[in-house]
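Residue numbers (the numbering used here), protein chains in the order written: chain A, 1 to 272; chain B, 273 to 542; chain C, 543 to 903.
Think of the CB as a built atom: it goes at the ideal place given N, C-alpha and C, for glycine as much as any other residue.
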Amino acid sequence: MSRHSFLKSTVRGFAQAVSKALQSEHATTQKGLLQQLDPRVRVIGVFALVVSVILCRRLEAIAAIFLIAIALAVASRVRLGLLAKRVWLVVLGFSGVIALPALFLTPGEPLFTAPALHLSISMQGVRTAAFLILRVETAATLTTVLVLSTAWTHILKALRSLHLPAEVVTMLAMTHRYLFLLIETANQMFESRQSRAVGIVSGSAQRKMTARTAGVLLSKSIELSHEVYLAMLSRGFRGEVRLLTDFRLRPRDYVALTAFVFTSCMAAWIGR
Amino acid sequence: MPSTFAVQDISFSYEAIPAIRGLTLCIEEGDRVALLGANGSGKSTLLRILDALYFPSAGSVTFKGDALTHEHLQQEEFSLSFRRRVALVFQNPDVQLFNPTVFDEVAYGPLQMQWSKEDVVRRVDETLSFMSISHLRERPPYRLSGGEKKRVALASVLVLNPDVLLLDEPTATLDPKSQSQVVDLIQQWKGTAKTVITATHQLEIVEDIADRVFVLEAGTVMAEGSPSEILSNSDLLLRANLIHAHRHSHGGVMHSHPHSHGHSQHEHEH
Amino acid sequence: MHIPDGYLSPSTCAAFYLLAGSGWYAALKRIKQLLATRAIPLISVFAAFSFVVMMFNVPLPGGTTGHAVGIGVAAIVLGPWGSILAISIAIAIQALFFGDGGITTLGANCFNMAIVGSLTAYAVYRMVAANSNLNSRRRVLAAAVAGYVAINASALITAVELGIQPMLFHDAGGTPLYAPYSLHVAIPAMMIGHLTFAGLAEAVISAGMVSYLQRADVALLRGVSGLAHAPVPVIAGASADRSSGRLWWAVALLLLFTPIGILAAGTAWGEWSSADLMNPHTREQIGAASGNHVLPASVPVGIQKLSALWTAPFPGYAPRFVKNPLFGYLLSAMFGVGFLVLAPLFARVIARKRAMRSIGS
């Protein structure tokens, strides 16, 4: 491993975040099922399904919602390969590893005992691991399908018309807007440092450099926020946030909303 | 009729660092003015004082006879009417584009003015097509080029049809094509009642964008005149740090002549 | 430290949404008073900054790297209320835009990192820094301690939330329905990583940034009021101390809930010790609690190994109760609380001694 791998992996992280954002933006322009619905219906529908995922106490019911999530993805032209890469494998790598020791640590009827290791897998252990992984996979698939089918501005406007305070919606919007600017700024700093960092050997010098980069970024951020504030004032901002939301529910939105809520309730009831 | 801006002996400092010292000037309706100065001469600060974003610590500023003070800007009625009539385009378009999409950006001003929803949408669409950026309507600002950002920033203030336009280095950091588009736009306002005040250090655009020039140096007005008067006075430009004596040798003979750096810009970090 | 959807039960999620919601409400109200119309751009850009800092790979002693959350810096520069909002917004963007984190667990995640983290970081920083000069080394130390303690307080709260799941939410067969590990597994598993890598990364970033700001942009260290170009808040010492005192009480109360909850539950479900499983009487109890499932005749080796982990530092002649995992849990909770309270006090005492010495010389 190179001495400056921490710089490289940070820069790689930035690139990943940006490409993820572009991926989502591209996916939202597809003409699929979810894309045709009012964003509020999409947001409420997916939230309802995610809640039903955590309400269910039966594996079969959660598995059924997982299938619904896949069907939604296909109908909304979200590529399953993308889901596998962005969600399924990532979840398996994280929650799968977390769930593994539960096979042995959960008290219950032994299902299988490895004779040499004195380790036994319990029935309860297998079930609890299955619950965890299935739940996390299903919920994450649903959220990602929403993110990949709905433009960020539409999610924001949906949240606003669902009565999230206007200030909060504005802060979410503005954070997202300046996130990319700051990622770009930080990226430039790290890249120029990568070439200059050749002589830096000691760990403490590396730490100092990282903290300094963060410090420069902070100064720039505060300066930026001050300038943005002036730009807002200049255009008539007086502390009151005014947003334009122009969604109109069509018949198919009502149908979809009913379907979402009905499915979620059914799943939660069957899986109770 | 009172002047559009009457600035009387104002001073302003950031923390302890003075930026404007005893500056006086007067700008009439329909004037096309250039504030010419090097970096740090105080021209950006002056624009912000004219836009009532900063308030001077001494002296007075009036807009069409109304005092521009912090207290006066607290009054909603005056504040909204002033903000509608006077617009500032910031040098850094990233500062000005703080909304999620181009449409939201251009709609921001009208929404603050509490126009009806229909008026907002109609006026925004008109402005977008006037600036030929209708195709960017749903684009987030981080996916715009430098020239596109500038046009959106201009659209976001023109949507209110302001009487006074304050432009801070409108052509700096732009490619030549976008630069000439911005200059063309300013030229269109010649002979209208619109007052255009442009802060710049680029000598080559001055004649196109202004009929009057104020040369700023160390926070005060160093000279005033027509573009041809100012631009022909190389001694003045030298003292204002807008050009510098450039020494080099031709065939073994050292000589020096004034030299302008129109596109000079630099970035630094602490 | 983000808890994904599926790890917490619906009632836990709802409870933490409620807690976080009241925190957000209070913070929004306070920040509007403090910053008036400047709040929105400042908090937003700062949230974006926090998000970017969370992506930094921080090189740690020993050649590894870790990620910081940036709670320490947020609390120092924005104050506790601004920090609560900025970190919450950053977490919400992760969940809502990138689909990372969780929707149902958003309340809990914000509570753990943004609210507990910010309040702890601010209180510790104010305590350790006291009225020292903005340029002093002590401020750098204070930032390091604040970041370290805050991240560990957040981790502890997170571990407790995860650890109570199997005890409270399991099916008739004894299968935990959400996070599967009880407190005596969740707490050490969570804390080991945070007491070392994550805590260190946070300390490094907090201290490094404060030391940078001291040289480059000292106005930012004046806290939220400094951003409004107000004088250094040393003169406001009395009122600031009182408010940080109030914050301390809040933090202390939060942490107190942890052990009390367990003590009240008695032999809590999922908290059996190896001895419990061997004892015929408690075996009956557990069996009843688990829907009369037949319990294995022998202790699952995993539990035995785990309790060995706990009792390892104690010599063989230690009293019997030490072998109990519940004790292990209490010990770690007490350690957490104790550390949280003692570290800054300790630092204060040291600082005072040093001040005395400098006066004496």
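- Item | Under 7 Å by beta carbon: chain A residues contacting residue 439 of chain B | Within chain A, no residue comes near residue 439 of chain B; the closest Cβ sits about 12 Å away, beyond 7 Å.
- Message: Counting only C-beta atoms, is residue 312 of chain B closer than 8 Å to chain A at any point?
- Response: Output row for residue 312 of chain B: interface = no.
- Where the alpha helix (DSSP H) containing residue 555 of chain C begins and where it ends: Start and end: 552–577.
- Task: Check residue 484 of chain B in the structure and name its three-state DSSP category.
- Result: In the three-state DSSP reduction, residue 484 of chain B falls in the strand class (E or B).
- Classify residue 732 of chain C as buried or exposed, calling it buried when 16 or more other Cβ atoms lie within 10 Å of its own Cβ. When all chains shown are included, residue 732 of chain C counts as buried.
- Task: Could you tell me if residue 402 of chain B is buried or exposed, where buried requires 16 or more neighbouring beta carbons within 10 angstroms of its beta carbon?
- Result: Within a 10 Å sphere around the beta-carbon of residue 402 of chain B sit fewer than 16 other beta-carbons, which makes this residue exposed.
- Message: Using only the alpha-carbon positions, how far apart do residue 654 of chain C and residue 383 of chain B sit?
- Response: If I take the Cα positions, the gap works out to 37 Å.
- Close Cβ partners of residue 381 of chain B (< 6 Å) along its chain, the five nearest in sequence each way excluded: These residues qualify, in order along the chain: 431 and 432.
- What residues from the region 384–409 of chain B come within 8 Å of chain A, judged by C-beta to C-beta, listed N to C? Listed by position, the residues of the region 384–409 of chain B near chain A (Cβ gap below 8 Å) are 384, 385, 386, 389, 392 and 393.
- Query: residue 88 of chain A: which of A:217, A:138, A:210 and A:234 sits nearest, CA to CA?
  - Reply: Nearest to residue 88 of chain A by alpha-carbon distance, out of A:217, A:138, A:210 and A:234, is A:138.
- Message: So if DSSP puts residue 304 of chain B in a beta bridge, which residue, or which two residues, is it bridged to?
- Response: Answer is B:468.
- Message: Is it buried or exposed, residue 726 of chain C, if we count other Cβ atoms within 10 angstroms and call 16 or more buried?
- Response: Residue 726 of chain C comes out buried.
- Task: Using DSSP bridges, identify the partner residues of residue 280 of chain B.
- Result: In the DSSP output, where bridge partners are listed per residue, residue 280 of chain B has B:332.
- CA-CA distance, residue 770 of chain C and residue 72 of chain A? Confidence at residue 770 of chain C is low in this model, with a pLDDT of 39, below 50, so the placement of that residue is unreliable and no value is reported for it.
- How is residue 784 of chain C classed by DSSP in three states: helix, strand or coil? The predicted model places residue 784 of chain C with a pLDDT of 39, which falls under 50 and marks its position as unreliable; any figure quoted below should be read in that light. Judged by DSSP in its simplified three-state form, residue 784 of chain C adopts helix.
- Return the Cβ separation of residue 703 of chain C and residue 550 of chain C in integer angstroms, given the expectation that the two are a contact with Cβ distance under 8 Å. Under the criterion of beta carbons closer than 8 Å, residue 703 of chain C and residue 550 of chain C qualify as touching, at roughly 6 Å.
- Query: Out of A:134, A:54 and A:150, which has the shortest C-alpha to C-alpha gap to residue 96 of chain A?
  - Reply: Per the Cα distances, A:134.
- Looking at the structure shown, is residue 287 of chain B part of a helix, part of a strand, or coil, going by DSSP? Residue 287 of chain B falls in the coil class under three-state DSSP.
- Query: Does the beta-carbon distance from residue 543 of chain C to residue 700 of chain C come in below 8 Å?
  - Reply: Judged by their CB atoms, residue 543 of chain C and residue 700 of chain C are nearer to each other than the 8 Å cut-off.
- Which residues in the same chain as residue 753 of chain C place their Cβ atom closer than 7 Å to its Cβ, once the five residues preceding and following it in sequence are excluded? Counting only residues of its own chain and dropping the five nearest sequence neighbours on each side, residue 753 of chain C has a CB closer than 7 Å to the CB of 682.
- Query: Which two residues bound the contiguous beta strand (DSSP E) that contains residue 492 of chain B?
  - Reply: Counting along the chain, residue 492 of chain B sits inside the beta strand (DSSP E) bounded by residues 492–497.
- Task: Rounded to whole angstroms, what's the CA-CA distance from residue 289 of chain B to residue 32 of chain A? Just pull it up for me.
- Result: Note on geometry: alpha-carbon atoms of residue 289 of chain B and residue 32 of chain A lie some 58 Å from one another.
- Query: Looking at the C-beta of residue 135 of chain A, does it have a partner C-beta in chain C at a distance below 8 Å?
  - Reply: Interface residue (Cβ-Cβ distance to chain C less than 8 Å): residue 135 of chain A is classified as such.
- Task: Return the chain-ordered list of same chain residues with a C-beta closer than 8 Å to the C-beta of residue 465 of chain B, the five sequence neighbours on each side being excluded.
- Result: Correct list, in chain order: 301, 302 and 435.
- Between residue 711 of chain C and the rest of its own chain, which residues show a CB-CB distance below 6 Å, the 5 nearest in sequence each way excluded? Taken in chain order, the residues that qualify are 551, 719 and 720.
- Task: Measure from the C-beta of residue 433 of chain B to each C-beta in chain A and report whether the shortest distance is under 8 Å.
- Result: No - not a single Cβ of chain A is within 8 Å of the one on residue 433 of chain B.
- Could you tell me which uninterrupted beta strand (DSSP E) segments, each at least 3 residues in length, are contained entirely in the region 85–133 of chain A, listed from first to last along the chain? Given a length threshold of 3 residues, each whole run of the beta strand (DSSP E) inside the region 85–133 of chain A is given here in chain order: 110–114 and 119–122.
- Message: Within the continuous alpha helix (DSSP H) that includes residue 172 of chain A, where are the two ends?
- Response: Residue range 166–196 is occupied by the alpha helix (DSSP H) that includes residue 172 of chain A.
- Exposed unless 16 or more other CB atoms sit within 10 angstroms - verdict on residue 269 of chain A: It is exposed - the Cβ of residue 269 of chain A has fewer than 16 other Cβ atoms within 10 Å.
- Query: Rounded to a whole number of angstroms, what is the C-alpha to C-alpha distance between residue 453 of chain B and residue 313 of chain B?
  - Reply: About 27 Å.
- Roughly how many angstroms lie between the CA atoms of residue 205 of chain A and residue 599 of chain C, to the nearest whole one? Straight-line spacing of the CA atoms in residue 205 of chain A and residue 599 of chain C works out to 14 Å.
- Beta-carbon separation (whole angstroms), residue 747 of chain C vs residue 214 of chain A, contact threshold 8 Å: The pair is a contact, with the Cβ atoms about 6 Å apart (cut-off 8 Å).
- Kindly say whether residue 367 of chain B, judged by its beta-carbon, lies nearer than 8 Å to any beta-carbon of chain A. Under the Cβ criterion of 8 Å, residue 367 of chain B is counted among the residues facing chain A.
- Pair within 8 Å by beta-carbon distance, residue 458 of chain B and residue 306 of chain B: Contact flag unset, no.
- Message: Would you say residue 96 of chain A lies against chain B (beta-carbon separation less than 8 Å)?
- Response: Closer than 8 Å: no.
- Query: Going along the region 750–767 of chain C in order, which residues come within less than 8 Å of chain A, judged by CB to CB distance?
  - Reply: Of all residues in the region 750–767 of chain C, the ones placed with a Cβ closer than 8 Å to any Cβ belonging to chain A are 750, 751, 753, 754, 755, 758, 759 and 762, in chain order.
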